[in-house]
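Just so you know, the sequences run in chain order A and B. Position in the first sequence (first residue = 1) + 160 = our numbering. Position in the second sequence (first residue = 1) + 160 = our numbering. Glycine included, C-beta positions come from ideal geometry on N, C-alpha and C. In this text, all values refer to a predicted model and were calculated from it rather than measured experimentally.
There are 2 protein chains.
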Amino acid sequence: MRIDNLDTPAVVIDLDRLETNIARFQAYLDRHGIANRPHIKTHKIPQIAQMQIAAGAVGITCQKLGEAEVMADAGIDDIFIPYNIIGAAKLERLTALARRVRLSVAADSAAVVAGLGNAMAGTGLELTVLVECDTGMGRCGVQTPAEAVELALLITRTSGLRFGGLMTYPSSPEIGPFMHEAVRLLRNRGIAVERVSGGGTAGMWRAHEHPEITEYRAGMYIYGDRYTLRAGAMQLEECALTIITTVVSRPTPDRGVIDGGSKTFSSDLLGLEGYGLILEYPEARIVSLSEEHGVVDFSRCSQRPVVGERVSVIPNHCCMVSNLFDEIVGIRRGNVEVVWRVAARGMVR
Amino acid sequence: MRIDNLDTPAVVIDLDRLETNIARFQAYLDRHGIANRPHIKTHKIPQIAQMQIAAGAVGITCQKLGEAEVMADAGIDDIFIPYNIIGAAKLERLTALARRVRLSVAADSAAVVAGLGNAMAGTGLELTVLVECDTGMGRCGVQTPAEAVELALLITRTSGLRFGGLMTYPSSPEIGPFMHEAVRLLRNRGIAVERVSGGGTAGMWRAHEHPEITEYRAGMYIYGDRYTLRAGAMQLEECALTIITTVVSRPTPDRGVIDGGSKTFSSDLLGLEGYGLILEYPEARIVSLSEEHGVVDFSRCSQRPVVGERVSVIPNHCCMVSNLFDEIVGIRRGNVEVVWRVAARGMVR
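#1: Do A/Tyr376 and A/Met364 have their C-beta atoms within less than 8 Å of each other?
#2: Opposite A/Gln500 in the DSSP bridges: which residues?
#3: Would you kindly work out how many angstroms separate the C-alpha atoms of B/Leu432 and B/Tyr387, rounded to a whole number?
#4: Within 10 Å of its beta-carbon, does A/Met161 have 16 or more other beta-carbons around it, so buried, or fewer, so exposed?
#5: Taking 8 Å as the cut-off, decide whether the C-beta atoms of A/Asp414 and A/Ile474 are in contact.
#6: Within 8 Å of any Cβ in chain B, is that where the Cβ of A/His203 sits?
#7: On a CA-only basis, which of B/Val471, B/Arg509, B/Ala306 and B/Ala504 is nearest B/Ile163? Give me that one, please.
#8: How long is the line joining the alpha carbons of B/Leu389 and B/Val481, rounded to whole angstroms?
#9: If you run the structure through DSSP and keep just helix, strand and coil, what is A/Ser319?
#10: In whole angstroms, what separates the C-alpha of A/Asp176 from that of B/Thr405?
#11: At the 8 Å Cβ level, is A/Gly360 part of the contact set with chain B, yes or no?
#12: Quick check: A/Ile491 and A/Val171, are their CB atoms within less than 8 Å of each other?
#13: Using a Cβ-Cβ distance cut-off of 8 Å, determine whether B/Ile163 contacts chain A.
#14: Could you tell me the distance, in whole angstroms, from the CA atom of B/Ala308 to the CA atom of B/Gln395?
#15: Does DSSP put B/Pro437 in a helix, a strand or coil?
#16: Which residues bound the alpha helix (DSSP H) around A/Ile335?
#17: Suppose you measure from the CA of B/Gly392 to the CA of B/Glu398; what does that come to, to the nearest Å?
#18: Which chain B residues sit within Cβ distance under 9 Å of A/Phe485?
#19: On the three-state DSSP scale, how would you describe A/Ile403?
#20: Name the DSSP bridge partner or partners of A/Pro475?
#21: Just to confirm my understanding: we take A/Leu345, look at its own chain, exclude 5 residues before and 5 after, and list those with CB closer than 8 Å. What are they?
#22: Shortest alpha-carbon distance to A/Gly324 belongs to which of A/Gly235, A/Asn348, A/Leu313 and A/Arg299?
#23: For A/Asn483, which option in A/Arg191, A/Pro169, A/Lys201 and A/Asn181 has the closest C-alpha, if you only look at C-alpha atoms?
#24: Between which residues of its own chain and B/Phe425 is the CB-CB distance below 6 Å, once the five residues before and five after are set aside?
#25: Run through the segment 258-293 of chain A for me and flag every whole alpha helix (DSSP H) of 4 or more residues, listed as ranges in chain order.
#26: Only counting the same chain, and skipping five residues up and downstream in sequence, which positions put a Cβ closer than 6 Å to that of B/Arg234?
#27: Thinking C-beta only, is B/Val273 closer than 8 Å to B/Leu311?
#28: Can you tell which of B/Thr374, B/Val496 and B/Pro411 has its C-alpha closest to the C-alpha of B/Arg191?
#29: By the three-class DSSP mapping on this structure, what secondary structure does A/Thr255 have?
#30: On a Cα-Cα basis, can you pick out the residue from A/Ile182, A/Leu449 and A/Arg259 that is closest to A/Thr283?
#31: Per DSSP, B/Gly416 forms a beta bridge with which residues?
#32: Report the three-state DSSP secondary structure of A/Leu166 (helix, strand or coil).
#33: Run the CB neighbour count on B/Asp174, radius 10 Å, all protein chains shown included, and call it buried at 16 or more, exposed below.
#34: Compare the C-beta of A/Arg410 against all C-beta atoms of chain B and say whether one is closer than 8 Å.
#35: Taking C-beta pairs closer than 8 Å, name the residues in chain A that B/Cys293 reaches, listed in chain order.
#36: Taking the beta carbon of B/Ser264 as the centre, do at least 16 other beta carbons fall within 10 Å, making it buried, or is it exposed?
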């Protein structure tokens with residue numbers, strides 16, 4: 161089937177670009193001796209995770225236990241969940257998963273460490289726990305290098321747990337002093353820091369500027385989107401994911417409406433203006449989204465589409481798009497080569 | 161099972177409130193002689209659509225053909241799709257659906273009408289087509305009453321199609337002059353206007369102020385959310401949908417992080433400040449969302465949660481939440497009574 165025969169809206173992946181993106185970032189990390197541990201939240205597709213592993217990734221990163229279970233079912237055997245896992249139901253699943261794969265998690269408080277320790281008690285398993293550090297994002301994470309040391313010591317003292325190192329997000333230039341100091345303090349206490357895990361596609365080509373970082377978690381580098389374009393991390397001709405839509409209305413000379421809205425693109429703005437880039441009409445602006453409509457201002461365009469015309473959109477945030485579609489289509493030179501089920505889509509727990 | 165045993169994040173529906181919301185709006189429309197045609201985009205669950213029909217709705221509204229197919233499979237037999245259906249693949253499905261249910265669609269251009277006519281040609285079917293009118297929203301729709309008449313005439317002249325009336329969204333006070341004039345012009349031409357379809361939960365209690373309106377499409381009235389609260393259309397104690405989350409981090413005295421982010425709540429702001437209302441901490445503000453984290457500012461709260469505590473969130477926009485979860489849980493007085501699959505979730509086409 162040709163791409164032109166896909167009904168819209170459809171998420172299509174240019175497989176040549178996908179493969180190039182996977183290879184290029186792997187080569188960069190290899191060159192700098194940094195382990196690649198890609199974040200699968202972007203694609204949620206086991207087959208793409210397997211491509212990343214085949215290219216040289218040491219394992220993967222999942223944000224949710226449910227994503228990790230799907231990936232383990234597909235044979236991925238080294239999984240990092242940089243998230244505080246809390247509550248009896250999840251801890252039971254975590255223990256089951258730890259029996260199947262090389263598993264590591266993050267923690268940022270004594271309460272989380274206690275829960276992990278209780279879950280592992282008596283299982284004979286040893287779970288690797290990294291300390292999450294808040295190096296400026298203002299989300300989770302211990303607030304100072306001294307707190308990181310304190311939590312690392314608690315992990316080393318907790319039966320069933322193993323201190324695995326430090327984790328932060330994103331790897332902005334500011335992380336240096338925090339990570340450097342935390343590593344120094346830990347080594348002074350005689351505690352080995354086997355992994356320092358950084359991440360983020362926006363800063364991916366600067367990973368080597370942080371000497372502490374031993375592994376890197378990037379997600380969006382495989383697809384690209386308007387956010388990664390604006391960050392300067394990727395170029396337009398490297399973007400592998402587009403959403404094919406149809407112009408369903410041209411109610412005024414300037415206005416058009418496409419058959420994708422917030423249930424297609426998500427409402428993520430991420431500081432950008434508008435909700436996507438229309439490749440055929442780059443001067444057009446997707447000014448607002450309803451759930452199933454995208455309202456486009458074509459006033460800056462000399463040529464304008466007619467009703468029924470198909471246009472391709474680079475979304476603001478590809479990770480959100482993956483989570484809205486049950487299937488995506490891999491194309492090569494305009495031909496449909498594969499249809500992938502987004503197997504870890506909607507894994508909310 | 162008790163609600164306290166549900167793992168998080170979980171979408172729970174208070175069934176008493178759901179039933180009351182369905183009954184109350186039906187009674188209001190009955191009182192004013194307006195047909196109820198609820199929009200199922202909000203819930204995407206056949207069982208709730210059946211509750212709405214049982215309460216007195218004449219049929220349902222779907223935004224996507226795929227949603228309509230799911231609902232038809234569940235036995236719903238009167239479906240309105242107020243959307244321009246375009247392209248061979250969809251028109252073939254539309255024709256198949258028209259054989260199974262009493263189907264109506266909207267159109268706002270000659271191009272769309274031509275496509276519908278071609279699809280129906282030779283089938284022996286007659287598809288009901290309403291003219292979509294842009295009465296101020298600036299999305300789809302003809303721009304003037306005169307254009308509405310012109311398109312209605314085209315529909316009446318097209319074999320296989322039947323003019324079914326006029327449709328607009330939302331039913332704000334401004335729609336009056338447009339609809340009044342369009343109906344007058346059509347009647348002057350001897351064209352019956354059997355339906356004038358309005359919609360929107362925000363303005364639902366003012367539906368009777370528009371004498372032209374014969375049917376009403378509301379979606380969110382069954383669940384409620386922060387948007388309908390702000391619009392004054394519902395009260396907090398009527399909101400039936402909450403998302404149970406867990407506090408996974410308390411990195412600073414003021415900051416907390418819950419295990420729901422933009423893949424749980426969506427990023428919809430709809431003009432609101434923050435991403436949800438935490439019922440147990442109403443002074444708290446959900447200030448930012450990552451995909452799986454919600455960052456909460458508790459600085460205005462005298463009491464603050466500990467790690468592991470569960471909190472209930474009223475989201476900004478319930479329709480988006482439904483589309484992110486495969487299942488939702490119906491509870492009554494704290495007990496799980498039913499688990500519904502969101503069968504029309506992700507029906508993007």
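Result, derived from the coordinates:
#1: Numbered from 1 along the first sequence, position 216 holds the residue referred to as residue 376 of chain A. Numbered from 1 along the first sequence, position 204 holds the residue referred to as residue 364 of chain A. It is a contact, given that the beta carbons lie within the stated cut-off.
#2: Translated into positions along the first sequence, residue 500 of chain A becomes position 340. The amino acid occupying residue 500 of chain A in the given sequence is Trp; Gln does not appear at that position. In the DSSP output, where bridge partners are listed per residue, A/Trp500 has A/Ile488.
#3: In the second sequence, residue 432 of chain B corresponds to position 272, counting from 1. In the second sequence, residue 387 of chain B corresponds to position 227, counting from 1. Rounded to whole angstroms, B/Leu432 to B/Tyr387 spans 8 Å at the Cα level.
#4: If you number the first sequence from 1, residue 161 of chain A lands on position 1. Exposed, because fewer than 16 other Cβ atoms sit within 10 Å of the Cβ of A/Met161.
#5: Taking the first sequence and counting its residues from 1, one reaches residue 414 of chain A at position 254. Taking the first sequence and counting its residues from 1, one reaches residue 474 of chain A at position 314. No, the pair does not count as a contact, with Cβ atoms beyond the cut-off.
#6: Residue mapping note: residue 203 of chain A aligns to position 43 of the first sequence, counting from 1. No, its Cβ sits nowhere closer than 8 Å to a Cβ of chain B.
#7: For the purposes of this step, residue 163 of chain B is taken as residue 3 along the second sequence, with counting starting at 1. Closest by alpha carbon: B/Val471.
#8: For the purposes of this step, residue 389 of chain B is taken as residue 229 along the second sequence, with counting starting at 1. For the purposes of this step, residue 481 of chain B is taken as residue 321 along the second sequence, with counting starting at 1. Rounded to whole angstroms, B/Leu389 to B/Val481 spans 16 Å at the Cα level.
#9: The residue you call residue 319 of chain A lines up with position 159 of the first sequence. Correct three-state label for A/Ser319: coil.
#10: In the first sequence, the residue the question calls residue 176 of chain A occupies position 16. In the second sequence, the residue the question calls residue 405 of chain B occupies position 245. So the two alpha carbons sit approximately 40 Å from each other.
#11: Position 200 of the first sequence holds residue 360 of chain A. With 8 Å as the cut-off, A/Gly360 does not count as an interface residue toward chain B.
#12: Here residue 491 of chain A corresponds to residue number 331 of the first sequence, with the count starting at 1. Here residue 171 of chain A corresponds to residue number 11 of the first sequence, with the count starting at 1. Contact: no.
#13: Sequence index remark: in the second sequence, residue 163 of chain B carries index 3 (1-based). No, B/Ile163 lies away from the interface with chain A (no Cβ there is under 8 Å from its Cβ).
#14: Position 148 of the second sequence, counting from 1, holds the residue named residue 308 of chain B. Position 235 of the second sequence, counting from 1, holds the residue named residue 395 of chain B. Spanning the two alpha carbons is a distance of roughly 37 Å.
#15: Numbered from its first residue, the second sequence carries residue 437 of chain B at position 277. As written in the sequence, residue 437 of chain B is Leu, which differs from the Pro given in the question. In this structure, B/Leu437 counts as strand in the three-state DSSP scheme.
#16: Stepping through the first sequence from its first residue, residue 335 of chain A is reached at position 175. Here the alpha helix (DSSP H) through A/Ile335 covers Ile335 to Asn348.
#17: One-based indexing of the second sequence puts residue 392 of chain B at position 232. One-based indexing of the second sequence puts residue 398 of chain B at position 238. C-alpha separation (whole angstroms): 12 Å.
#18: Looking up residue 485 of chain A in the first sequence gives position 325. In chain order: Gly506 and Val508.
#19: Your numbering for residue 403 of chain A matches position 243 in the first sequence. In the structure shown, A/Ile403 sits in a strand (DSSP, three-state: E or B).
#20: Looking up residue 475 of chain A in the first sequence gives position 315. For A/Pro475, which the question treats as bridged, DSSP gives the partners A/Gly436.
#21: The residue you call residue 345 of chain A lines up with position 185 of the first sequence. Closer than 8 Å at the Cβ level, and outside the excluded window around A/Leu345, lie Pro305, Ala306, Ala308 and Val309.
#22: Indexing the first sequence from 1 puts residue 324 of chain A at position 164. Here the closest residue by C-alpha is A/Leu313.
#23: As a first step, residue 483 of chain A must be located in the first sequence, where it is residue number 323. Taking only the C-alpha atoms, the option nearest A/Asn483 is A/Lys201.
#24: Here residue 425 of chain B is taken as the residue at index 265 of the second sequence, counted from 1. If we look at B/Phe425 and ignore the five residues flanking it on each side, its Cβ neighbours are Tyr435, Gly436 and Pro475.
#25: 270-280
#26: Residue numbering aside, residue 234 of chain B sits at position 74 when the second sequence is read from its first letter. Per the sequence shown, residue 234 of chain B should be read as Ala rather than Arg. Correct list, in chain order: Pro206.
#27: One-based indexing of the second sequence puts residue 311 of chain B at position 151. One-based indexing of the second sequence puts residue 273 of chain B at position 113. Yes, these two residues count as a Cβ contact at 8 Å.
#28: In the second sequence, the residue the question calls residue 191 of chain B occupies position 31. When each option's Cα is compared against that of B/Arg191, the closest is B/Thr374.
#29: To locate residue 255 of chain A, count along the first sequence from 1; it is residue 95. Three-state result, A/Thr255: helix.
#30: For the purposes of this step, residue 283 of chain A is taken as residue 123 along the first sequence, with counting starting at 1. Comparing Cα-Cα distances from A/Thr283 to each of A/Ile182, A/Leu449 and A/Arg259, the minimum goes to A/Arg259.
#31: Start at 1 with the first residue of the second sequence, and residue 416 of chain B comes out as number 256. DSSP lists B/Val456 as partners of B/Gly416.
#32: Within the first sequence, numbered from 1, the residue matching residue 166 of chain A stands at position 6. Of the three classes helix, strand and coil, the one that applies to A/Leu166 here is coil, per DSSP.
#33: Residue 174 of chain B sits at position 14 when you count from the first residue of the second sequence. Result: buried.
#34: Taking the first residue of the first sequence as position 1, residue 410 of chain A is located at position 250. Output row for A/Arg410: interface = yes.
#35: Here residue 293 of chain B refers to the residue found at position 133 when the second sequence is read from its first residue. Chain A residues near B/Cys293: none, gap ~10 Å exceeds 8 Å.
#36: The residue labelled residue 264 of chain B in the question sits at position 104 within the second sequence. Result: buried.
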